[in-house]
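Counting in the numbering used here, the sequence shown runs from 3 upward without gaps. Yeah, the Cβ is synthetic: ideal placement off N, Cα and C, and Gly gets one too. In what follows, a structure is listed as structure tokens, so that the remarks can point back to it.
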Amino acid sequence: MSHPLPDKNEQYLQMGYWNTRFDSEQEYDWFKGFSEFKHLCIGHLQCTDSICILGCGNSTLTQDLYNSGYQNLTSVDLSEVVIDRMRKKAAAASQHEIKWQVADMLDLPYPDSSFDAVIEKGTMDVLFVDNDDPFSPKAEVRQRVFQMLDETHRVLKADGVFLSITFAQPHFRKPFLLCEQYTWDVNAWPFGDSFHYYVYAMHKNQRKETDKPVPFGWPSRSSSTVPSAITNSSMQHDHMDHENFLLGMEV
3 MSHPLPDKNE QYLQMGYWNT RFDSEQEYDW FKGFSEFKHL CIGHLQCTDS ICILGCGNST
63 LTQDLYNSGY QNLTSVDLSE VVIDRMRKKA AAASQHEIKW QVADMLDLPY PDSSFDAVIE
123 KGTMDVLFVD NDDPFSPKAE VRQRVFQMLD ETHRVLKADG VFLSITFAQP HFRKPFLLCE
183 QYTWDVNAWP FGDSFHYYVY AMHKNQRKET DKPVPFGWPS RSSSTVPSAI TNSSMQHDHM
243 DHENFLLGME V
């Protein structure tokens, strides 16, 4: 790999790490490419939708959506390095309609009800890298994740949809997504072969009676019983693809 792997997970929260990495890495897609989960997304999107992609990085997701007919795209990332590179890459491919912006997903620079859809792929997972208990995240992790979800909910139109692609299983993610301040429903579908990733679809103002809040710590589980591959996991590519890590994630 041409980019430096972090010594500690916490480095994934540091802009310096990403700028250095994006300066040398041309392209990388976390959690599979669009073709492997496209069938789970297209039913929630219209080609005319205004779509915001959070933490776009150097993934091909924006270009893949564009080539699939979704051309009203706004891709944001905290890294000016990667936004500049992706803007030039899109221009070279005559994808001039795509809007690229340096922005913080915890404090988005858009008015309320700006987008028909918001998509994130692996971006929310970065907010958990310094977490020490997957069943009961520490306060600073919860704060970051709720800031992201609050901003996502805010910029969605009344009938908008939030699509989240992740390796986080529903019992880890639902305590956040089903918090009572959000009006969306929560649906999840797995994809992948040896290891399941998930596509979550949340439709604003369509929360159902069955979409009840889920407390943290559910199901009851102490961190001492959680496989070390989870509590001490790295987001490094080789580690994530390692068979022992994937087996350890099955909880």
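So, at 7 angstroms on beta carbons, what are the nonlocal neighbours of residue i in its own chain, with the 5 sequence-adjacent residues on each side left out?
i      : result
Ser224 : Residue placement at Ser224 is poorly supported in this model, since its pLDDT is 44, which falls under 50; the coordinates are not used for a value here.
Phe33  : Lys123, Gly124, Ile167, Thr168, Phe169 and Tyr199
Gly71  : Cys49
Phe174 : Pro136
Pro215 : Leu180, Cys181 and Glu182
Do the CB positions of residue i and residue j come within less than 8 angstroms of each other?
i      : j      : result
Asp213 : Leu165 : no
Asp31  : Thr62  : yes
Glu99  : Gln73  : yes
His46  : Val128 : no
Phe178 : Val157 : no
Phe36  : Asp66  : yes
Lys101 : Leu75  : yes
Distance, Cα to Cα, residue i vs residue j?
i      : j      : result
Leu139 : Cys43  : For the record, residue 139 in the displayed sequence is Pro; it is not Leu. Rounded to the nearest angstrom, the two C-alpha atoms are 28 angstroms apart.
Ala94  : Glu142 : 41 angstroms
Met204 : Cys54  : 15 angstroms
Asn11  : Lys123 : 18 angstroms
Asn60  : Gln28  : 7 angstroms
Asn21  : Lys90  : 16 angstroms
Asp132 : Lys206 : 30 angstroms
Met126 : Ile85  : 18 angstroms
Ser115 : Leu108 : 16 angstroms
Ser52  : Glu182 : 26 angstroms
Ser77  : Pro217 : 33 angstroms
Tyr184 : His155 : 7 angstroms
Ala119 : Asn69  : 17 angstroms
Val228 : Lys176 : Interpretation of Val228 is limited by its pLDDT of 42, a score under 50 that renders its predicted location unreliable; no figure is taken from the coordinates.
Cys58  : Asp106 : 11 angstroms
Asp134 : Arg144 : 12 angstroms
Ignore the nearest five residues each way along the sequence and tell me which others in residue i's own chain have a CB closer than 6 angstroms to its CB.
i      : result
Trp191 : Leu42 and Val201
Leu15  : none
Ser235 : Interpretation of Ser235 is limited by its pLDDT of 41, a score under 50 that renders its predicted location unreliable; the figure taken from the coordinates is listed afterwards. For Ser235, where only same-chain residues beyond five positions count, there are no Cβ hits under 6 angstroms.
Leu254 : Residue 254 is absent from the structure shown; the chain starts at 3 and stops at 253.
Met242 : Here the model assigns Met242 a pLDDT of 44, short of 50, so the residue's position is not dependable, and the following value carries that caveat. Hits under 6 angstroms: none found.
Asp187 : His205, Gln208, Arg209, Lys210 and Asp213
Pro172 : Ala190
Gln97  : Tyr68
Taking all protein chains shown into account, do 16 or more other C-beta atoms lie within 10 angstroms of the C-beta of residue i, making it buried, or fewer, making it exposed?
i      : result
Ala170 : buried
Thr64  : buried
Cys49  : exposed
Met17  : exposed
Ala160 : exposed
Asp195 : exposed
Ser230 : Per-residue confidence for Ser230 stands at a pLDDT of 40, beneath the threshold of 50, marking its modelled position as unreliable; the derived number appears in the next sentence. Exposed, by the Cβ-count rule.
Gly219 : exposed
Only counting the same chain, and skipping five residues up and downstream in sequence, which positions put a Cβ closer than 8 angstroms to that of residue i?
i     : result
Glu82 : Asn21 and Val104
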